[in-house]
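Engineer: For what it's worth, the working numbering labels the leading residue of the sequence shown as 10, then goes sequentially. Virtual Cβ for every residue (Gly too), placed ideally from N, Cα, C. Just so it is clear, the structure is predicted and the values come from calculations on it, not from any experiment. This is the structure I have questions about; it appears just below.
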Amino acid sequence: MPDEEETVDLPASASDNYDDEGGVDLDFGGVQGREPFPDGTYILRVDGVPKKKPTKSGGEQISVMYRVVSRADGDETFKNKVVFDNWNFLPQSRWWMKSALEALTGEKWDKDNMKLRLSDLSGLRVKATVIIDGSYGPPKNKISTYFNEPVSDAPVGEDFKVPF
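This is how it looks when you write it as structure tokens:
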């Protein structure tokens, strides 16, 4: 717990909330931790534009944030819960990115020099198995399988044009 004298640096977008001394009032009442939701098969939606970021080993990856639309059976109990997936650019890891892209777009990703605009992924839906994984730190949700099948109301097949 910070001492009363300590302050926390916030992003510039929060600067309107600073008082004259550079402090800001924060209210964490009612804030809940990110508890994992149960294992199962879910319909997920890409939330926003995925981000390209560095890996711990110095490579690159795409970090994709999904929001739960519903369980595959239509149950919306966990609607809007979040699960992240990282797609690594290492040759031995590209199979995972390929399976995710094929499931999201309904298209084959099997050529050299294919282009991907990350913004084209925003809003796409996919059916996936989500598990609780505790092998690296606290338990968190993780996608274990992408299903390469159309998801209702998702822009796949003829409605989705691969952007290259």
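Would V73 and P63 be called neighbours here (beta carbons separated by less than 8 Å)?
Structural biologist: As a working mapping, residue 73 is identified with position 64 in the sequence shown. As a working mapping, residue 63 is identified with position 54 in the sequence shown. Not a contact, by the Cβ cut-off of 8 Å.
Engineer: Could you tell me which residues DSSP puts in a beta bridge with T114?
Structural biologist: Counting from one through the sequence shown, the residue named residue 114 turns up at place 105. In the DSSP output, where bridge partners are listed per residue, T114 has none listed.
Engineer: Between the Cα of D56 and those of D34, D121, W104, L113, spot the shortest distance and give me the residue it belongs to.
Structural biologist: In the sequence shown, the residue the question calls residue 56 occupies position 47. Ranking D34, D121, W104, L113 by Cα distance to D56 puts L113 first.
Engineer: If you count every other CB in all the chains shown that lies within 10 Å of the CB of D121, and 16 or more means buried, which is it?
Structural biologist: Here the question's residue 121 lines up with position 112 in the sequence shown. With fewer than 16 other Cβ atoms within 10 Å, it is exposed.
Engineer: Within the region 57 to 145, note down every full beta strand (DSSP E) run reaching 3 residues or more, in order along the chain.
Structural biologist: Qualifying beta strand (DSSP E) stretches, in chain order: 60 to 63, 69 to 80, 91 to 97, 134 to 142.
Engineer: Exposed or buried, N150, counting other C-beta atoms within 10 Å across all chains shown (16 or more means buried)?
Structural biologist: Along the sequence shown, read from residue 1 onward, the residue named residue 150 stands at position 141. The residue is buried, with at least 16 neighbouring Cβ atoms inside 10 Å.
Engineer: So if DSSP puts V160 in a beta bridge, which residue, or which two residues, is it bridged to?
Structural biologist: Here residue 160 corresponds to residue number 151 of the sequence shown, with the count starting at 1. Paired residue(s): none; V160 is not in a bridge.
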